[in-house]
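In our numbering, the protein residues as written are 213 to 451.
Working notes, beginning with the structure itself.
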Amino acid sequence: MTTQTTTTHTAGATTPTRAVADRGAARDASGGACAYANLNLRFNPFGELDPDDRVTVAVVDVDRWTHWLASPCHAVVFLGDRGRGKTTHLLAIHAAWQPATYHHFPEVGPAPTLPDTGRLCVDELQRFSRWRRRRWMRRVAEQAGSIAIGSHVDHQRELQAAGFQVITHRPAAALTPALLVEAMNRRIAYARRHADQLPIIDTEAATALIRDHGDDVRAIEHRLYDIFQSLTEPGHVQV
């Protein structure tokens, strides 16, 4: 068995792609669209996105992870606290790694029933009791399945004991101003109305956001949501 711990995050181009903008234009602009017309936006880009939208704007090296998971008995653990990109990574992998299934353990309510085979994406696995979790891992390994996991706990040793080869990855550990510029501007491009100028998160703003919030991307998004609520015109955003 091999183990690899990594914090490397390889992303795409730093300019929001036309595809992101085009897919964003297809979203229903009803409701709050007019409130952001002065920003050339259909909605506040830092509000809660549905899972499909989150996949569209995600900055995730999907090819890297699907290549790793293509081998039997391989696993990746996306590790971190709340707001550190675990769910975004799992959703992006699930969309590209078909026929994968996605399962989420809620904070309250009934736990999902996990399959014992196939391609599995499991979020908040730390909420699954330890003994049941270990039995489930062994059953998946026996069926030569592969697993992508999001968790606040590193399950590397449990997975190794079950027979998996494991990569543990902290998505937020690689957060830099350049990566934040790309991720936040992709969200803005997704909300655009027309081809005119948009608000821009530049390196200076990204540096200030990381200084204030560290690697808590969710807190950064909440901060930007409030800023965009009172923003009056496109251009470089002051934070």
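Just so you know, even glycine gets a beta-carbon here, dropped at the ideal spot from N, CA and C.
None of the values given here were measured: they were computed from a predicted structure.
If you compare the alpha carbons of 410, 398 and 250 with that of residue 449, the shortest gap goes to 410. Counting C-beta atoms within 10 angstroms of its own C-beta, residue 268 has 16 or more neighbours from the protein chains shown and is therefore classed as buried.
As the crow flies, the alpha-carbon of residue 340 is around 46 Å from that of residue 406. When C-beta atoms of the stretch 415-424 are compared with those of the stretch 372-390, three or more pairs fall below 8 Å, so the two segments count as touching. Linking residue 304 to residue 413 through their CA atoms gives a straight-line distance of about 23 Å. The stretch 280-304 is shown to contain whole beta strand (DSSP E) runs of 3 or more residues at 286-291, in chain order.
Going by DSSP, residue 377 is part of the beta strand (DSSP E) stretching over 377-381. An exposed status is given to residue 322, since fewer than 16 other beta-carbon atoms sit within 10 Å of its beta-carbon. Separation of the CB atoms of residue 362 and residue 335 is rounded to 4 Å, and the pair is thereby assigned contact status at 8 Å. If you compare the alpha carbons of 264, 365, 394 and 332 with that of residue 292, the shortest gap goes to 365.
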